[in-house]
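Undergrad: Below is the structure I would like to discuss, written out as structure tokens.
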Amino acid sequence: MEELKRLAPPAELRRAPVVEGRPNLGALTDKLSAFAEGRTPRWWWILFLPAAFAATVIFPTCLFYQVFTGVGVWGNNHPVMWGLDIVNFIWWVGVAHAGTLISALLFLTRQHWRTTIGRMAEAMTVFSVMMAGLYPAIHVGRAWFDWFMFPVPNSNALWPQFKSPLMWDVFAVNTYLMVSTLFWFMGMIPDFAVLRDRSTTRIRKTIFSFLAMGWTGSARHWHNYEKAYVVLAGLCTLLVFTVSSIVGLDFCTAQLAGWHATIFPLYFVIGAVFCGFGMVMVILIPLRKWCGLEKIITLSHMDKIAKLTLVAGLIIDYIYLMEFFIAWYSGDPYERWVFSHRLFGHTYMVMGWILIGINVGVTQLLWFKKIRSSLFALFVIGLLINIGMWTERFVIVVGSLYQDFLPANWGKYMPTIWDVGLYAGTLGAFFMLYLLFVKFLPMIAISEVKGVMPEADPHHPLGGAKNGGRQ
Amino acid sequence: MSGKIYGLIAEFDSPAAILRAAEKVRDAGYRRWDTFTPFPIHGMDKVMKLGNSLVGWVSLAMGAGAFASVVGLIWYCNAFDYPLIVGGKPMFSPPMTFVPAYILLIMGGAFGALLGMLGLNQLPRLHHPLLDKKRFELASRDKFFLVIGAQDEKFCLMETKKLLESIGGAHVEIVEDKD
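The listed protein sequences derive, respectively, from chains U and S.
In terms of our numbering, the first sequence has 106 at position 96, counting the first letter as 1, and numbering is strictly consecutive.
In terms of our numbering, the second sequence has 132 at position 57, counting the first letter as 1, and numbering is strictly consecutive.
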């Protein structure tokens with residue numbers, strides 16, 4: 011310990027420890043696997059039952075009614091052919107992005123604090139991409155023709171039209187789902203082995219033995235595993251910048267005022283990350299308390315998430331400014347009309363002001379240390395960001411469609427109960443899957459967290475280098 | 076050499092101890108040995124002379140293969156099998172294939188990374204002789220194990236056991252191969 015004191019930097023330069031309370035490796039393993047092994051607490055059931063109801067009753071009802079009847083049950087109608095289905099699609103894709111950013115990009119930049127929240131963020135990605143992918147599939151109207159989008163030889167001798175961004179979307183979203191699931195699963199293999207070795211019942215042992223696939227923790231295994239992890243993290247980082255860009259291209263290749271802008275791909279990527287960080291705060295803040303993980307997901311980690319949210323928020327604010335500036339600077343009367351109507355129009359101006367109020371206004375609160383260290387404030391801000399970003403997508407999609415170039419072509423859009431019901435259903439399905447994940451799978455990357463502890467470094471005094479390996 | 080013996084296992088307490096032990100086992104001239112740890116130990120790949128992992132190449136091959144196949148597929152679909160004029164653009168031009176091909180490159184690369192990792196590690200396997208050892212359950216917790224395989228040319232029950240004990244290994248035991 012003397013050695014440790016000598017080596018320690020001065021207090022003002024010291025970094026917050028990844029895990030508080032200096033548990034040894036054994037105690038840390040107990041702590042991290044406790045929730046997946048312990049009794050199911052009451053709060054879990056209180057959250058799970060309504061989520062499961064939404065997922066298994068409301069969701070299929072709205073889904074099947076729409077598929078059997080037609081897109082007409084939604085509020086979509088000329089001229090607003092993209093309604094809540096596309097708004098929610100972009101919103102869910104956005105929620106996914108923060109998970110990939112945290113688990114992949116922060117891994118490549120060697121941010122040790124990501125180990126504690128990475129797995130939970132990845133699970134968020136996987137489940138929200140599932141929800142996102144559903145929307146375009148049913149938005150086409152005749153869901154049984156979805157296979158037309160895949161290059162399958164067929165009796166009509168027709169192939170997909172690969173020049174369209176809408177087609178690229180099919181590839182992008184499916185790839186995103188597959189790759190983020192692979193990344194999530196591969197990260198869990200060593201932790202499945204942990205749960206296998208700790209299991210006390212035969213059924214748990216069997217299940218986790220299958221999932222761990224015979225993982226022993228051999229140095230040769232780790233060697234290949236680490237390489238594969240870096241490669242996957244690199245590929246996932248590319249996906250962060252690709253998937254939402256392609257969604258953005260769906261819009262900016264259209265001629266419509268308000269959509270036809272080169273800033274859209276970047277705009278959608280940053281918007282997605284911003285929205286996703288909001289969701290990370292909403293999910294992590296209650297779970298760290300209820301699962302007893304306060305010393306693992308520390309206040310310092312939440313502070314860092316808040317700072318990243320602020321950065322994303324500031325870029326978003328800059329993009330809003332640019333959009334309005336370019337609309338004015340272009341001199342195009344249609345562009346000017348659309349943008350002035352976002353804030354001063356008649357039908358949807360409330361949405362425009364909610365968007366500015368939250369994404370530009372509320373985000374600035376994160377400048378203050380006091381706000382960033384209040385979990386309640388962060389939770390509320392996270393919720394508001396989700397609402398703000400949902401509103402943003404509504405303003406972009408509906409706001410540009412309802413008044414296009416010909417006044418004779420104008421119309422209004424109002425979602426119906428089936429639009430809202432389907433959204434509630436996807437929210438329920440998302441939270442149901444998430445709660446199941448938290449309960450049954452290793453929700454914190456056990457081996458990764460152990461790997462960034464000071465004891466894990468063979469050259470660190472706590473790693474035992476100076477006393478012959480005996481502590 | 077007995078077919079029943081898989082090897083000798085020794086237990087260590089810290090990352091530094093297993094790293095020093097690994098250096099000594101290597102210097103003693105053993106070839107078929109391995110360490111088992113709850114997390115990757117920094118510097119162990121150098122001690123064990125593992126070199127560069129081939130996973131990156133598997134991933135690259137699958138990614139590049141996916142990229143090329145998508146370019147080929149788009150040419151086949153939109154320019155050869157059923158030529159389709161869209162907006163007066165050429166039937167086929169390389170830039171138009173980029174986005175789908177690039178996305179599938181990511182997909183191929185990701186599958187390559189996972190399958191390459193599993194293949195090179197010879198996973199999945201349903202059983203491993205070490206998993207029979209009760210104490211080996213700690214390898215995923217907080218203990219560090221070193222195993223010298225019976226297949227090694229230098230393996231000798233007495234000598235190897237002596238070596239493992241002399242470098243600080245605790246609970247030196249025989250691992251049986253029941254298969």
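Positions of the beta carbon are idealized from the N, C-alpha and C atoms, including for glycine.
Under the three-state reduction of DSSP, which class applies to LEU221 (chain S): helix, strand or coil?
TA: On the second sequence, residue 221 (chain S) is found 146 positions in, with the first residue counted as 1. Three-state DSSP puts LEU221 (chain S) in a strand.
Undergrad: What's the gap between the Cα of PRO113 (chain S) and the Cα of VAL292 (chain U)?
TA: As a first step, residue 113 (chain S) must be located in the second sequence, where it is residue number 38. As a first step, residue 292 (chain U) must be located in the first sequence, where it is residue number 282. Taking the straight line joining both Cα atoms gives about 32 Å.
Undergrad: Taking Cβ positions only, does TRP132 (chain S) come closer than 7 Å to chain U?
TA: By 1-based counting over the second sequence, the position of residue 132 (chain S) is 57. Closer than 7 Å: no.
Undergrad: According to the Cβ coordinates, are PHE193 (chain U) and CYS246 (chain U) closer than 7 Å?
TA: To locate residue 193 (chain U), count along the first sequence from 1; it is residue 183. To locate residue 246 (chain U), count along the first sequence from 1; it is residue 236. In contact: PHE193 (chain U) and CYS246 (chain U) (Cβ atoms closer than 7 Å).
Undergrad: For TYR157 (chain S), which residues in chain U fall below 9 Å Cβ to Cβ?
TA: Indexing the second sequence from 1 puts residue 157 (chain S) at position 82. Correct list: ALA167, LEU168 and TRP169.
Undergrad: Just reading off the beta strand (DSSP E) that THR110 (chain S) is part of, what are its end residues?
TA: As a position in the second sequence, residue 110 (chain S) is number 35, starting the count at 1. Run containing THR110 (chain S): 108-111, per the beta strand (DSSP E) assignment.
Undergrad: With 9 Å as the limit, tell me which residues of the region 34-54 of chain U have their beta carbon closer than that to any beta carbon of chain S; keep them in chain order.
TA: Listed in sequence order: ASN34, LEU35, GLY36, ALA37, LEU38, THR39 and ASP40.
Undergrad: Count the other CB atoms, across all protein chains shown, that sit within 10 Å of the CB of ALA37 (chain U); report buried if there are 16 or more and exposed otherwise.
TA: The count along the first sequence starts at 1 and reaches residue 37 (chain U) at position 27. By the 10 Å Cβ count, ALA37 (chain U) comes out exposed.
Undergrad: Tell me which residues share the same chain as VAL370 (chain U) and place their Cβ nearer than 7 Å to its Cβ, disregarding the 5 neighbours each side in the sequence.
TA: Position 360 of the first sequence, counted from the start, is the residue given in the question as residue 370 (chain U). ASP327 and TYR330.
Undergrad: For VAL130 (chain S), collect the residues of the same chain with a Cβ closer than 7 Å to its Cβ; drop the 5 residues on either side in sequence, then sort them by chain order.
TA: By one-based count along the second sequence, residue 130 (chain S) stands at place 55. For VAL130 (chain S), where only same-chain residues beyond five positions count, the Cβ hits under 7 Å are ALA188, GLY191, MET192 and LEU195.
Undergrad: Is there a C-beta anywhere in chain S that falls below 7 Å from the one on MET196 (chain U)?
TA: Taking the first residue of the first sequence as position 1, residue 196 (chain U) is located at position 186. By this cut-off, MET196 (chain U) is an interface position.
Undergrad: Pick out whichever of U:PRO296, U:ASP313, U:TRP338 and U:THR373 has its Cα sitting closest to the Cα of GLY323 (chain U).
TA: Position 313 of the first sequence, counted from the start, is the residue given in the question as residue 323 (chain U). It is U:THR373 whose Cα lies nearest to the Cα of GLY323 (chain U).
Undergrad: For PHE181 (chain U), count neighbouring C-beta atoms within 10 Å of its own C-beta (all shown protein chains included) and say buried if the count is 16 or more, exposed if not.
TA: Numbered from 1 along the first sequence, position 171 holds the residue referred to as residue 181 (chain U). Buried.
Undergrad: Name the residue from U:ALA418, U:GLY431 and U:HIS311 whose alpha carbon lies nearest to the alpha carbon of LEU388 (chain U).
TA: The residue given as residue 388 (chain U) occupies position 378 in the first sequence. Closest by alpha carbon: U:HIS311.
Undergrad: If TRP123 (chain U) sits next to VAL28 (chain U), beta carbons under 8 Å apart, how far is it from one beta carbon to the other, in whole angstroms?
TA: Looking up residue 123 (chain U) in the first sequence gives position 113. Looking up residue 28 (chain U) in the first sequence gives position 18. Indeed they touch by this definition, with Cβ atoms about 6 Å apart.
Undergrad: For HIS233 (chain U), return the contacting residues in chain S, with the cut-off set at a CB-CB distance below 7 Å.
TA: Here residue 233 (chain U) refers to the residue found at position 223 of the first sequence. Near HIS233 (chain U) (Cβ distances below 7 Å), the residues of chain S are ASP120, LEU125 and SER128.
Undergrad: Under the rule that 16 or more other beta-carbon atoms within 10 Å means buried, what is LYS41 (chain U), buried or exposed?
TA: Along the first sequence, one-based indexing puts residue 41 (chain U) at 31. Buried.
Undergrad: Go to LEU82 (chain S), then tell me how far its beta strand (DSSP E) extends in each direction, as first and last residue.
TA: Position 7 of the second sequence, counting from 1, holds the residue named residue 82 (chain S). The question names Leu, yet the displayed sequence has Gly at residue 82 (chain S). It spans 80-87 - the beta strand (DSSP E) in which GLY82 (chain S) sits, taken as one unbroken run.
Undergrad: Going by beta carbon distance, what residues of the same chain come within less than 8 Å of PHE349 (chain U), once the five residues before and after it are set aside?
TA: To locate residue 349 (chain U), count along the first sequence from 1; it is residue 339. Result list for PHE349 (chain U): GLY268, GLU333, PHE334, ALA337 and TRP338, in chain order.
Undergrad: Taking ALA418 (chain U) as the reference, which of U:ILE127, U:ILE96, U:HIS88 and U:LEU116 has the closest Cα?
TA: Here the question's residue 418 (chain U) lines up with position 408 in the first sequence. That would be U:HIS88, whose Cα lies nearest to the Cα of ALA418 (chain U).
Undergrad: Specify, as a first and last residue, the run of the beta strand (DSSP E) that PHE250 (chain S) falls within.
TA: Position 175 of the second sequence, counted from the start, is the residue given in the question as residue 250 (chain S). Looking at the sequence shown, residue 250 (chain S) is not Phe but Val. Unbroken beta strand (DSSP E) run through VAL250 (chain S): 245-251.
Undergrad: Just checking: is the beta-carbon of ALA475 (chain U) within a distance shorter than 7 Å of some beta-carbon in chain S?
TA: As a position in the first sequence, residue 475 (chain U) is number 465, starting the count at 1. With a pLDDT of 47 at ALA475 (chain U), under the threshold of 50, the modelled position of this residue cannot be trusted; read the value that follows with caution. It does: the Cβ of ALA475 (chain U) has a partner Cβ on chain S nearer than 7 Å.
Undergrad: Check ASN369 (chain U) in the structure and name its three-state DSSP category.
TA: Here residue 369 (chain U) is taken as the residue at index 359 of the first sequence, counted from 1. Correct three-state label for ASN369 (chain U): helix.
Undergrad: Distance check for SER138 (chain U) and HIS231 (chain U), CA to CA, integer angstroms please.
TA: Position 221 of the first sequence, counting from 1, holds the residue named residue 231 (chain U). Position 128 of the first sequence, counting from 1, holds the residue named residue 138 (chain U). Each residue's alpha carbon lies about 31 Å from the other.
Undergrad: Check whether the region 102-111 of chain U touches the region 62-76 of chain U, counting contact only when three or more Cβ pairs, one atom from each stretch, lie closer than 8 Å.
TA: Too few Cβ pairs lie closer than 8 Å, so no.
Undergrad: Helix, strand or coil for SER340 (chain U)? Go by DSSP, reduced to three states.
TA: Along the first sequence, read from residue 1 onward, the residue named residue 340 (chain U) stands at position 330. SER340 (chain U): helix per DSSP, three-state reduction.
Undergrad: Under a three-way DSSP split, which group does VAL390 (chain U) fall into?
TA: Indexing the first sequence from 1 puts residue 390 (chain U) at position 380. Helix, per DSSP.
Undergrad: Could you please give me the residues that DSSP links to VAL90 (chain U) through a beta bridge?
TA: What you label residue 90 (chain U) is simply residue 80 of the first sequence in a count that begins at 1. Its beta-bridge partners are U:ASN87.
Undergrad: Contact check, VAL250 (chain S) vs LEU205 (chain S) under 8 Å by CB: the rounded distance?
TA: Stepping through the second sequence from its first residue, residue 250 (chain S) is reached at position 175. Stepping through the second sequence from its first residue, residue 205 (chain S) is reached at position 130. Right, the Cβ-Cβ distance comes to about 6 Å (below 8 Å), so this counts as a contact.
Undergrad: Give me the Cα-Cα distance between THR235 (chain S) and LEU135 (chain S), rounded to the nearest whole angstrom.
TA: Sequence index remark: in the second sequence, residue 235 (chain S) carries index 160 (1-based). Sequence index remark: in the second sequence, residue 135 (chain S) carries index 60 (1-based). The straight-line gap from Cα to Cα measures roughly 41 Å.
Undergrad: Go through its chain and collect everything with a Cβ distance to GLY143 (chain U)'s Cβ below 8 Å, but skip five positions before and after it.
TA: Counted from its first residue, the first sequence places residue 143 (chain U) at position 133. The answer, listed in chain order, is VAL183, ASN184 and LEU187.
Undergrad: CA-CA distance, ARG106 (chain S) and VAL462 (chain U)?
TA: What you label residue 106 (chain S) is simply residue 31 of the second sequence in a count that begins at 1. What you label residue 462 (chain U) is simply residue 452 of the first sequence in a count that begins at 1. Taking the straight line from one Cα to the other gives about 30 Å.
Undergrad: Listing by chain order, which chain S residues have their CB less than 7 Å from the CB of PHE181 (chain U)?
TA: As a working mapping, residue 181 (chain U) is identified with position 171 in the first sequence. Simply PRO175, ILE178 and LEU179.
Undergrad: Taking 7 Å as the threshold (beta carbon to beta carbon), is THR185 (chain U) in contact with chain S?
TA: Counted from its first residue, the first sequence places residue 185 (chain U) at position 175. By this cut-off, THR185 (chain U) is an interface position.
Undergrad: Is TRP157 (chain U) close to chain S, meaning its C-beta is less than 7 Å from at least one C-beta of that chain?
TA: As a first step, residue 157 (chain U) must be located in the first sequence, where it is residue number 147. No - not a single Cβ of chain S is within 7 Å of the one on TRP157 (chain U).
Undergrad: For LYS317 (chain U), which of U:LEU376, U:PRO425 and U:ILE96 has the nearest alpha-carbon?
TA: Start at 1 with the first residue of the first sequence, and residue 317 (chain U) comes out as number 307. If we check each option's Cα against that of LYS317 (chain U), U:LEU376 comes out closest.
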